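There are 2 protein chains.
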Amino acid sequence: MNTPYSSRLLEAAVNEFTRLPGIGRRTALRLSLHLLRQDPSRAEALAQSVLKLRSEVRYCIRCHNISDSELCLVCSDTHRDAATVCVVEDIRDVMAIENTAQFRGVYHVLGGIISPMDGIGPGDLNIESLVKRAEEDRISELIMALPATTEGDTTGFYLFKRLGDKVGAVTAISRGVAVGDDLEFADEVTLGRSILNRVPYQRSPG
Amino acid sequence: MNTPYSSRLLEAAVNEFTRLPGIGRRTALRLSLHLLRQDPSRAEALAQSVLKLRSEVRYCIRCHNISDSELCLVCSDTHRDAATVCVVEDIRDVMAIENTAQFRGVYHVLGGIISPMDGIGPGDLNIESLVKRAEEDRISELIMALPATTEGDTTGFYLFKRLGDKVGAVTAISRGVAVGDDLEFADEVTLGRSILNRVPYQRSPG
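So the protein sequences, as listed, match chains Y and A.
Just so you know, this note's numbering puts 65 at position 78 of the first sequence, and the rest follows in order with no gaps.
Just so you know, this note's numbering puts 130 at position 143 of the second sequence, and the rest follows in order with no gaps.
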């Protein structure tokens, strides 16, 4: 017996799980054995949802958000402000902002950020489609919700140069000490920026 | 939009991954988005291996180890000593012992251990089939490789009473300070047992 698995089927399943990020052989084995203990319908449901996800999912033709149809649920929602466009790195950021329930505009998903170190230039991102949106539709405010890193700043500056005169205003999400955090635990750069970018005092809402 | 996912397909995949042990919503999302970035053949391979695992895997009719056929690879290997039977709690223990490459006998997988607290009695385990093996085949040595817990000791004692006079000898794997461990880090019970169960001195092999 060359393999400790004693079942090629089990070994194959473990190997497939191991290809997923952050899943080692021990975890992959635990997942496989778990599926074996469950009703067969559970393994069937997992397999079908993975297959359907990969074969049927689409990306919104307007904002590049993940979608089940041509336009995503955000872009096709007439109650949302289509003139306020929030630029994000990827669809996880869309979910994070949607979870706050504080934003009623729409999105534009770049699909990455400019990173010369990783060989990612503007041409690799969904930037031309954003320029086209700015030229064809009226964008009153373009909100940069990009990572607070050198790459994020570079991407923001590039977009500002390309789009600054095509939209009403360009803004960026605020940076500062996290809500609920003690000042002593904030890093110096964040705390320093939060002092420089101080805002008029107001009682916290709610 | 009631869901932050913007795609029901993505939401379904995340939900299915979340049903797996130790996988939260954040990890499930990471796995789903990873599959979306990969070639479709990867998602297909994962889905197929999960389906095949659940629908085609079998358990060895002799030792209850996981298997692709009626007899597992260990039981069908004529080079192994079928008269030396190692009793383990579950198939993960078989893999752990196989990984050591130190055991040339065969196994018997109980499928659990006696645990009155969890409502698991002898009748819930693969014990009758082990008694049958002991009566029909010649077992020269029955090795208890059970957990070093009260439940493991209870199970071992139960098996000893049922099988002690049906097999040549009953042994148990040795307990003691782990190889490579400093004595000061061993717990008192383990260290105490390792002194009581001392063995004739020999230079370590290899």
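Note that beta-carbon positions come from the ideal geometry of N, C-alpha and C, so glycine has one too.
Quick caveat, the model's predicted, so the values are computed rather than measured.
Any chain Y beta carbon closer than 8 Å to residue i
i          : result
Ser42(A)   : yes
Asp105(A)  : no
Met131(A)  : no
Ala69(A)   : no
Tyr(-8)(A) : yes
Cys59(A)   : yes
Ser19(A)   : yes
Asp111(A)  : no
Gly9(A)    : yes
Val37(A)   : yes
Glu85(A)   : yes
Arg(-5)(A) : yes
Arg12(A)   : no
Leu150(A)  : no
Leu178(A)  : no
Arg125(A)  : no
Leu23(A)   : yes
Ile100(A)  : no
Leu146(A)  : no
Proximity test, Cβ basis, 8 Å: residue i and chain A
i          : result
Pro27(Y)   : yes
Asn52(Y)   : yes
Gly15(Y)   : What sits at residue 15(Y) in the sequence shown is Ala, not Gly. With 8 Å as the cut-off, Ala15(Y) does not count as an interface residue toward chain A.
Arg49(Y)   : no
Leu97(Y)   : no
Ala165(Y)  : no
Val81(Y)   : yes
Asp55(Y)   : yes
Arg199(Y)  : Here chain Y has residues from -12 to 193 only, and residue 199(Y) is not among them.
Ala(-1)(Y) : yes
Arg162(Y)  : no
Arg120(Y)  : no
Arg6(Y)    : yes
Other residues of its chain near residue i: CB distance less than 7 Å, five sequence neighbours each side excluded
i         : result
Asp111(Y) : Gly99
Gly155(A) : Ile126, Ser127, Glu128
Ala198(Y) : Here chain Y covers residues -12 to 193 and nothing more, so residue 198(Y) does not appear.
Tyr145(A) : Ile101, Pro109
Ile78(A)  : Asn52, Ile53, Val96
Gly143(A) : Met131, Leu133, Ala159
Within chain C, partners of residue i - CB distance below 7 Å
i        : result
Ala32(A) : This model lacks chain C altogether; the protein chains it does include are Y and A.
Cut-off 6 Å between Cβ atoms - residues of its own chain near residue i, not counting five sequence neighbours on either side
i         : result
Leu117(A) : His95
Arg45(Y)  : Ser54
Ala159(A) : Met131
Thr5(Y)   : Arg12, Ala15
Thr71(Y)  : Gly92, Glu128
Glu57(Y)  : Ile48
Which of helix, strand or coil DSSP assigns to residue i
i           : result
Ala121(Y)   : helix
Asp111(Y)   : helix
Ile210(A)   : Outside the displayed span of chain A (-12 to 193) sits residue 210(A), for which this structure offers no information.
Pro27(A)    : helix
Ser102(Y)   : strand
Val176(A)   : helix
Val1(A)     : helix
Arg17(A)    : helix
Arg41(A)    : helix
Met(-12)(Y) : With a pLDDT of only 43 at Met(-12)(Y), under 50, the local geometry of the prediction cannot be trusted, and the value read off the model is given with reservation. Coil.
Residue i, enclosing beta strand (DSSP E) - first and last residue
i         : result
Met194(A) : The structure shown has nothing for residue 194(A), since chain A only spans -12 to 193.
Thr71(Y)  : 68 to 75
Tyr94(Y)  : 92 to 96
Ala159(Y) : 156 to 159
Residue span of the alpha helix (DSSP H) that contains residue i, given as start and end
i         : result
Ala83(A)  : 78 to 87
Gly143(A) : 137 to 150
Expected contact under 8 Å - CB spacing of residue i and residue j to nearest Å
i          : j         : result
Ala121(A)  : Asp80(A)  : Their Cβ separation, rounded to whole angstroms, is 20 Å, which puts Ala121(A) and Asp80(A) out of contact at 8 Å.
Val1(Y)    : Leu33(A)  : Val1(Y) to Leu33(A), Cβ: 11 Å. No contact.
Cys59(Y)   : Cys50(Y)  : 6 Å
Arg185(A)  : Arg162(A) : Going by Cβ atoms, the distance from Arg185(A) to Arg162(A) rounds to 12 Å, so no, they are not a contact pair.
Leu(-3)(A) : Leu7(Y)   : Actually they are not in contact, since the Cβ atoms of Leu(-3)(A) and Leu7(Y) sit about 16 Å apart, beyond 8 Å.
Asp124(Y)  : Ala69(Y)  : 7 Å
Ser(-7)(Y) : Asn52(A)  : 5 Å
Pro27(A)   : Ser42(Y)  : 6 Å
Thr141(Y)  : Ile101(Y) : 5 Å
Leu170(A)  : Leu178(A) : 6 Å
Ala30(Y)   : Leu22(Y)  : 5 Å
Residues near residue i in its chain [Cβ-Cβ closer than 8 Å; skip 5 each side]
i         : result
Val75(A)  : Val81, Ile84, Tyr94, His95, Val96, Leu97, Ala132, Leu133
Ile107(Y) : Gly99, Ile100, Ile101
Arg67(Y)  : Val61, Arg91, Gly92, Val93
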